[in-house]
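Asks: Chains as they are written, first to last, in my numbering: chain A, 2 to 293; chain B, 286 to 1100; chain C, 15 to 329. Next up is a structure, given as structure tokens.
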Amino acid sequence: MTFTVRTYGPDQKPRQGFFTDTSICIGCKACEVACKEWNQVPVQIGGFTGKSYDNTEALGANTWRHVAFIEQRKEMTFADGLVEHAALEQLAAQTGLQTYQEGDGLRWLMASDVCKHCTHAACLDVCPTGALFRTEFDTVVVQDDICNGCGYCVPACPFGVLDQRKDDGRVWKCTLCYDRLKDDMQPACAQACPTDSIQFGELDDLRDRAEQRLAQLTDAGAEKAQLYLADEDDGVGGAHAFFLLLDEPEVYGLPPDPVDVTRNLRTTWSSAAVAAVGLGVGLAVAVFGGRR
Amino acid sequence: MAEQHPVGFQWVIEAKERGATVMHVDPRYTRTSAMADLHVPLRAGSDIAFLGAVINHILENGREFREYVRTYTNARMIVKQEFRDTEELDGLFSGWQPGDGTYEPGSWGLEGGDPPAEDWELEHPRCVFQILKRHYARYTPELVERVCGVPPASFLQIAETLCRNSGRERTSAICYAVGWTHHTTGVQIIRAAAIIQLLLGNIGRPGGGILALRGHANIQGSTDIPTLYDMLPGYIPMPHPECGDDLDCFVGQSGPNAGVWGSLKSYTVSLLKAWWGDAATKENGFCIGHLPRIDGDHSHYAMTQRMIDGLTKGFIVMGQNPAVGSANGAMQRKALAKLDWLVVRDTNEIETAAFWYDTPQTETGEHRPEDIGTEVFFLPAAAHTEKAGTFTNTQRLLQWRHQAVEPPQDARSELWFTYHLMRRIRDKLADSGEERDRPIRDLTWDYPVHGPHDEPDGEAVLREINGRRADGEFVTKSQELAPDGSTTCGSWIHAGIYADGVNQSARRKPASEQNWVAAEWGWAWPGNRRILYNRASADPEGRPWSERKRYVWWSEEKQAWQSLGDEIDFPPGKAPDHVPGDDDTTGMEALRGDAPFILHPDGLGWLYVPSGLADGPLPTHYEPHESPFANSVYAQDRSPTRETFHTADNPYNPSGGEAGAGTFPFVLTTYRLTEHHTAGGMSRSVPHLAELQPELFCEVSPQLAAERGLEHGGWATIATARAAIEARVLVTERIQPLHVAGRTAHQIGLPYHFGRRGLVTGDSANDLLPIVLDLNTHINEFKAATCDIRPGRRPRGPALLAYVEEYRRRAGVSS
Amino acid sequence: MSPANAAAGTRADAGASYYGQPIIKSPVWTAEIPAYFFFGGLAGASAGLAYLSGEGPLARRAWATALAGIAVSAPLLIADLGVPTRFLHMLRMVKVTSPMSVGTWILTGFGAATTGAAAHALTGRLPRTGAACRPAAALLGLPLSTYTGALLAQTSVPVWHEARRHLPVVFAAGAALSAGAAATALTSPEHAAAARRLTMMGAVAELASVHVMERRLGELGEPYRGGQAATFKRLADGLVAAGAVTVAASGRRSRPAAIAGASAVLAGAACERYSIFRAGFQSAADPKYVVGPQRARIAAGKSRGASRKAADTSS
């Protein structure tokens, strides 16, 4: 169910967004810094979290790009004595090496998280002031001069992206650098990312690229490689910011099967209507049902 | 590399996408390892054992690129009869002078002669090739396991892959950073890699070579036009007193006659003419006498000791933070406290500027501000966006950076400061008749200034660096420089950077408009050469080694070398089969047509270094100065030539088999994080960076944590004979205990970025380290030391002194 | 703290999470919101009670209650806004996908209608206004009492969203319960029969619907079995039961008993709102409540496919 009405007419731009290929993220956090600098996002000096190299922890009102770090130990797939044999066998085939992920047991996943700019955006659906709106680029932006901090979008987002800025009262999130897009520039994070882990462009192009990359990685042995939010018929209608992950989404703190709650709106309103009618009936019974 | 050169690392990933294999050898599993196909942890400081075993693997299995090695390296050269290798002297080379602590290198030389004694079959027992084989014969995979803690299978994966990926059709590159440089054997570690790459035929070829990843964004520029005391621009040595004002004596002493350095006189005279203009004449040796003379070791740590001894009274610190960035922080700060005056220029009040009131020494009470007599001048510096000039990247590439905004208030650039300081000094000396003031008064200090702050024109300086010919035109290449005073050139390796009146370093032709050599993006020294020694990308007959690896080649028809787009690092018209005539004994004329290494007088790559290094012609495994292990390979435990400073301020942990070594049983290594910059002055003061890594932490393995009772997320105190610091604890499997010499070697990693100033603060890791240097470079051994670690925060105030004192007592170290 | 490697297991079905961090964000709402649920429901059902009761003391008390309830509700809501001065921005649009938007309009209409109705009922004046407003207030009071359930349901908070069929019913029952209890307390027993009946019906409906909701939630209902949500639920159950029984047994005979019982019921209703509110926070805080059902959906082949490996044939 979508209530998105396209009103931009000739001003409508092609759908644009991010493809974040986490397989080449080097965890440098240039995206976090570029975003904060460009958007003048307030600083939040927390402390050492011990969560690997992640001292930022999560997206929020003051964090619009967040790099996750996951250190994993994977089981060895063969006994130690066979390592040399297998390695040298592999070497005999090509000059390549057995990929580290399978052989040696250590892996460090790094991924830059961001607002997904869902096609079916729960935040936008529940916003009562219209502060959240869909731009001509099909992205989702909060107008900070309209937002009155009602906070409804905060628990509505299935990814936990939005949050309220405490000293300010309003809700803030990634704008996909709306101002830069209007000037035909890339978002700050995509520009800063040195390895092109964050790729910006038209959604169709990005999706094609992502398919190729998924095939490439899977062929190279990354069995858990997966595209996340790339498909139009998923629970949020696909996202303008979609990802290539190397493990299940929840490993990265992402929901495995997110849904825009508006999908169930009919059920909810029906229940509310039925309950309202029931209340009316109950009132009538209470008033008229006794012996007078 | 991913940690420190994240932007450059995109090319590693690009190469990986195209099928390259990336292997990472490092004590820790880092963000680079995460992208590598293979990570092999090894014990910090055991790199020569590892690399030597690779050399042995190549030689034992006949994997060397034979044709390349025979013709392009000194493998065939025969060494003097008197030479003795470490195999014969149990870890020493011949010529060791125990009283001096140095080598007399005469016995290392080549037999020489005319023609020089050589064996093209590489079989003569005293030829370099055979000496190399004998020197590394015991560097087996088993030795690697014992010394480095690397399982033979892992070692073989690396060695075999390197071998299989080298040769005519394929090349391999080695990248290293200060994890190699910062050792008492630093130069030799890098030499070992050079030997590997020469044996495999990887130097001078596309996709090959050795990339030195430098320690910050412009340190390459800082050594090219040097801020080093013993160098002039372009690596011309600084003069010593012996030659007085005799230019020819200086030239004779300072460089070989043959090869590129054979034109040293031209480079020197052009430099002197640039600096002293008309005052520099043939008669006065072009003012060679105006240059200062080196009368001793004035490198940083020697200078630190001189300050403590009261011999150096003043100090100007620009863009450096020795209170945090140098080893033995307490000694650094003690030196600062002894100065009469100190000038610090920086963008914020770094620890060095605040040393007189906020240091660990003021916290313990060892220093009291009222007792410190140093007059401190803290001057605001412009940030990198507020000034124009070049940055020289790690691959010799200069890129011009434009000024974006004016610096605020009184902040000024280094160029402004240096120029106006000298201008004011010259004004004060304008009427001086003193001879000693001539060097200052004779300078051509005439850079134009512009803008609201009278900022000197950086491009004017760049033009001076480029140099001009007698006709006033810009020099286009260093070959145009003359020894007769008709040319000027501020730095011969940069000659051509302003050719045709164009700032070549400011060129930004996009990749889409040129081929992969990208010769029109920026400008690389020398002469915009992107791959050095690229003559070696063609075989002795001048044909590419393979079509796939074609880069430069000889055109018989044109009688000239051709290239894919790079400058040819060779005389363009010298035929591959050229043999010098009997009279061609100097300069480039003395080199054969098949001798690519033109910076050497014999044009050959030196597997064996007959002269020039203080610690030997071949890399040899020595333990770091502080190590939990004795050397199991030789009786000579540690580098015999390492520079030690045995003073009360610099106590060493007992090491190896010495009594008390068990007090500091763990290997300590320092490292960097992407989020911070060197000593933290430019990152801990920037909110958006500070919040990314807000606290000092140490990385320990789960096994060490269990052994010492360390709690993840808790605190630990790390101690050496110098100091004790505290850090948060990160327990991680990215640090693995290693099995070395039959027991477990635990390694502890500490980022060194933290200090007491800034938005986020912490103890300084370098406070733990002693001063002990590689004699060749005077660089400190930051990357391997020993320490102890205990759970909990450190004591405060005077109790901290007692805590460290107790460690010294237990270790038997006098204080 | 657990070590750096404790971020995730290597297999997703082992209950992986990112350092145990929540996946969704907890609401930023504070206690004003459950208070509003209480007062809004009280007002909405009171209007209906008042209207159906025609004239007389019960009706008058009920209109007064409705007015008081709505008079408190608006400030409560405005106080909870991040930028209170912008409360009028709520009236920029009507958005049916947003229960808060719809509810704002219901509230506005109800407020106006109740003011008119109560003005007439309490002063006797403005008969035409009263005549128009009374049915309007009564009618609007019904959705006013239930849309709040929809509001909570249309979030990603598992304990709320998965109870979307139940929450409006619970809130409706609570509204009835509160209206009945308030009227019981405020009206002399001889006129309060309808109020007492409403109280008892509401109590049964409330206790039953809450129980059913918790059962149907299954594992997701865990917040109601531990923590603050459980504490307030038990309080609510006890107070509502005890209060309703008191009203039923002694409410007709004894004014003090009626007041006591009704007060207990009102307290219980408020506690129930607060319990549901706190349950949301507990549910949002633990990633397992988000991941578990979604993983189960995927395993049962009922997912929409947010994640796709190369091997998956489903597009």
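Cβ coordinates follow ideal geometry from the N, Cα and C atoms, glycine included.
1) Let me know the secondary structure DSSP gives Arg322 of chain C once reduced to three states.
2) Under 7 Å Cβ-Cβ, which residues of chain A neighbour Trp43 of chain C?
3) Considering Cα atoms alone, identify which of C:Ile273, C:Ser112, C:Ala135, C:Gly163 is closest to Cys151 of chain A.
4) Here's the rule I'm using: 16 or more other beta-carbon atoms within 10 Å means buried, otherwise exposed. How should Arg322 of chain C be labelled?
5) Three Cβ pairs or more, each shorter than 8 Å: is that satisfied between the segment 109 to 128 of chain A and the segment 240 to 253 of chain A?
6) Could you give the first and the last residue of the continuous beta strand (DSSP E) run that contains Cys1101 of chain B?
7) So Leu95 of chain C contacts chain A; which residues on that side make the cut at Cβ distance below 9 Å?
8) In chain order, what residues of the segment 372 to 400 of chain B put their CB closer than 7 Å to some CB of chain A?
9) So is Thr772 of chain B in contact with chain A if we call contact Cβ pairs under 8 Å?
10) When we look at the beta-carbon of Pro237 of chain C and count the other beta-carbons within 10 Å, is it buried (16 or more) or exposed?
11) Residues in its own chain within less than 7 Å of Arg828 of chain B by CB, not counting five upstream and five downstream?
12) Taking C-alpha atoms, which residue in C:Met227, C:Ala145, C:Pro172 lies nearest to Ser297 of chain C?
13) Should Arg1094 of chain B go down as buried or exposed, given a rule of 16 or more other Cβ atoms within 10 Å for buried?
14) Pull up the distance between the alpha-carbon of Gly170 of chain A and that of Tyr586 of chain B, whole angstroms please.
15) Does the beta-carbon of Glu176 of chain C have 16 or more other beta-carbons within 10 angstroms, so that it is buried, or is it exposed?
16) With 8 Å set as the bound, which would you pick, yes or no: does the beta-carbon of Asn265 of chain A sit closer than that to a beta-carbon of chain C?
17) Rounded C-beta distance between Phe882 of chain B and Gly872 of chain B? I'm assuming under 8 Å.
18) In the DSSP assignment, find the alpha helix (DSSP H) that holds Pro511 of chain B and state where it starts and stops.
19) Got a sec: does the ligand ADP put a non-hydrogen atom nearer than 7 Å to the Cβ of Val435 of chain B?
20) With 8 Å set as the bound, which would you pick, yes or no: does the beta-carbon of Ala207 of chain C sit closer than that to a beta-carbon of chain A?
21) So that I know if they touch, is there some Cβ in chain A lying closer than 8 Å to that of His973 of chain B?
22) From Ala310 of chain C to Lys302 of chain C, what does the alpha carbon distance come to, in whole angstroms?
23) Classify Thr954 of chain B as buried or exposed, calling it buried when 16 or more other Cβ atoms lie within 10 Å of its own Cβ.
24) Nearest to Val1016 of chain B by alpha carbon, out of B:Arg499, B:Asn751, B:Pro1076, B:Gly581?
25) Closest to Ala975 of chain B by CA distance: which of B:Thr589, B:Gly965, B:Phe982, B:Cys983 is it?
26) DSSP has Phe663 of chain B in a bridge; who is on the other side?
27) Taking contact to mean 3 or more Cβ pairs, one atom from each stretch, closer than 8 Å, check whether the segment 149 to 158 of chain C and the segment 273 to 285 of chain C are in contact.
28) Per the contact definition of three or more C-beta pairs closer than 8 Å, is the segment 105 to 119 of chain C in contact with the segment 118 to 131 of chain A?
29) Can you pull the chain A neighbours of Glu430 of chain B, defined as C-beta to C-beta under 8 Å?
30) Take Ala1004 of chain B and list the residues in its own chain whose beta-carbon comes closer than 7 Å to its own, dropping the five residues that flank it on each side.
31) Check whether the Cβ of Val142 of chain A lies closer than 8 Å to any Cβ atom in chain C.
32) Following the continuous beta strand (DSSP E) through His324 of chain B, name the residue where it begins and the one where it ends.
33) In terms of alpha-carbon separation, which member of A:Ala157, A:Lys30, A:Cys148 lies closest to Lys39 of chain C?
34) Going straight from the alpha carbon of Val690 of chain B to that of Gly376 of chain B, what length do you get?
35) With which residues is His67 of chain A paired in a DSSP beta bridge?
36) So within the segment 433 to 508 of chain B, which uninterrupted alpha helix (DSSP H) runs reach at least 4 residues, ignoring any that extend past its ends?
Replies: On the basis of the data shown:
1) Counting from one through the third sequence, the residue named residue 322 of chain C turns up at place 308. Arg322 of chain C: strand per DSSP, three-state reduction.
2) For the purposes of this step, residue 43 of chain C is identified with residue 29 of the third sequence, where counting begins at 1. Within chain A, the C-beta atoms nearer than 7 Å to that of Trp43 of chain C come from Gly152, in chain order.
3) Residue numbering aside, residue 151 of chain A sits at position 150 when the first sequence is read from its first letter. Nearest C-alpha to Cys151 of chain A among C:Ile273, C:Ser112, C:Ala135, C:Gly163: C:Ser112.
4) As a position in the third sequence, residue 322 of chain C is number 308, starting the count at 1. Buried: at least 16 other Cβ atoms inside 10 Å.
5) Taking 8 Å as the limit for Cβ pairs, the verdict is that the segment 240 to 253 of chain A does touch the segment 109 to 128 of chain A.
6) Here chain B has residues from 286 to 1100 only, and residue 1101 of chain B is not among them.
7) Taking the third sequence and counting its residues from 1, one reaches residue 95 of chain C at position 81. For Leu95 of chain C, the C-beta contacts it makes with chain A under 9 Å involve Asn149, Gly150, Cys151, Gly152, Gly170, in order along the chain.
8) Hits within the stretch: zero.
9) Reading the second sequence from its first residue, position 487 is the one you call residue 772 of chain B. Chain A contact via Cβ: absent.
10) Within the third sequence, the letter at position 223 stands for residue 237 of chain C. By the 10 Å Cβ count, Pro237 of chain C comes out buried.
11) Locating residue 828 of chain B in the second sequence gives position 543, where the first residue counts as 1. Closer than 7 Å at the Cβ level, and outside the excluded window around Arg828 of chain B, lie Trp838.
12) As a working mapping, residue 297 of chain C is identified with position 283 in the third sequence. The shortest Cα separation from Ser297 of chain C among C:Met227, C:Ala145, C:Pro172 belongs to C:Pro172.
13) Translated into positions along the second sequence, residue 1094 of chain B becomes position 809. Looking at its Cβ environment, which holds fewer than 16 other Cβ atoms inside 10 Å, Arg1094 of chain B is exposed.
14) On the first sequence, position 169 is the one that residue 170 of chain A refers to. On the second sequence, position 301 is the one that residue 586 of chain B refers to. Distance between the alpha carbons of Gly170 of chain A and Tyr586 of chain B is about 55 Å.
15) The sequence position of residue 176 of chain C within the third sequence is 162, counting from 1. Counting of Cβ neighbours within 10 angstroms places Glu176 of chain C among the buried residues, the total reaching 16 or more.
16) If you number the first sequence from 1, residue 265 of chain A lands on position 264. Taking Cβ atoms only, chain C reaches closer than 8 Å to Asn265 of chain A, which makes this a yes.
17) Taking the second sequence and counting its residues from 1, one reaches residue 882 of chain B at position 597. Taking the second sequence and counting its residues from 1, one reaches residue 872 of chain B at position 587. Here Phe882 of chain B is actually not in contact with Gly872 of chain B; their C-beta atoms are around 15 Å apart, not less than 8 Å.
18) Within the second sequence, numbered from 1, the residue matching residue 511 of chain B stands at position 226. In the DSSP annotation of this structure, Pro511 of chain B is not part of any alpha helix (DSSP H), being labelled neither H nor E.
19) The ligand ADP is absent from the structure shown, which contains no ligand whatsoever.
20) Taking the first residue of the third sequence as position 1, residue 207 of chain C is located at position 193. Closer than 8 Å to some Cβ of chain A, the Cβ of Ala207 of chain C qualifies, so yes.
21) Translated into the one-based positions of the second sequence, residue 973 of chain B becomes position 688. The beta-carbon of His973 of chain B is placed less than 8 Å from the nearest beta-carbon of chain A.
22) To locate residue 310 of chain C, count along the third sequence from 1; it is residue 296. To locate residue 302 of chain C, count along the third sequence from 1; it is residue 288. Ala310 of chain C and Lys302 of chain C: Cα-Cα distance of roughly 11 Å.
23) On the second sequence, residue 954 of chain B is found 669 positions in, with the first residue counted as 1. With 16 or more neighbouring CB atoms inside 10 Å of its own CB, Thr954 of chain B falls in the buried class.
24) Numbered from its first residue, the second sequence carries residue 1016 of chain B at position 731. The shortest Cα separation from Val1016 of chain B among B:Arg499, B:Asn751, B:Pro1076, B:Gly581 belongs to B:Pro1076.
25) Residue 975 of chain B sits at position 690 when you count from the first residue of the second sequence. Closest by C-alpha distance to Ala975 of chain B, out of B:Thr589, B:Gly965, B:Phe982, B:Cys983, is B:Gly965.
26) Here residue 663 of chain B refers to the residue found at position 378 of the second sequence. In the DSSP output, where bridge partners are listed per residue, Phe663 of chain B has B:Val629.
27) No contact exists between the segment 149 to 158 of chain C and the segment 273 to 285 of chain C.
28) With a cut-off of 8 Å, the segment 105 to 119 of chain C and the segment 118 to 131 of chain A count as touching, because enough Cβ pairs lie within range.
29) Taking the second sequence and counting its residues from 1, one reaches residue 430 of chain B at position 145. Within chain A, no C-beta atom comes less than 8 Å from the C-beta of Glu430 of chain B; the nearest is roughly 12 Å away.
30) As a first step, residue 1004 of chain B must be located in the second sequence, where it is residue number 719. The residues are Cys1072, Asp1073, Val1089, Tyr1092.
31) Numbered from 1 along the first sequence, position 141 holds the residue referred to as residue 142 of chain A. False, the Cβ-Cβ gap to chain C never drops below 8 Å.
32) Counting from 1 along the second sequence, the entry for residue 324 of chain B is found at position 39. Residues 323 to 325.
33) Taking the third sequence and counting its residues from 1, the one referred to as residue 39 of chain C is at position 25. It is A:Ala157 whose Cα lies nearest to the Cα of Lys39 of chain C.
34) Counting from 1 along the second sequence, the entry for residue 690 of chain B is found at position 405. Counting from 1 along the second sequence, the entry for residue 376 of chain B is found at position 91. Separation of Val690 of chain B and Gly376 of chain B (C-alpha to C-alpha, rounded to the nearest whole angstrom) is 57 Å.
35) One-based indexing of the first sequence puts residue 67 of chain A at position 66. Beta-bridge annotation (DSSP): His67 of chain A is paired with A:Asp114.
36) Unbroken alpha helix (DSSP H) stretches of 4 residues or longer found wholly inside the segment 433 to 508 of chain B: 437 to 449, 463 to 466, 471 to 484, given in chain order.
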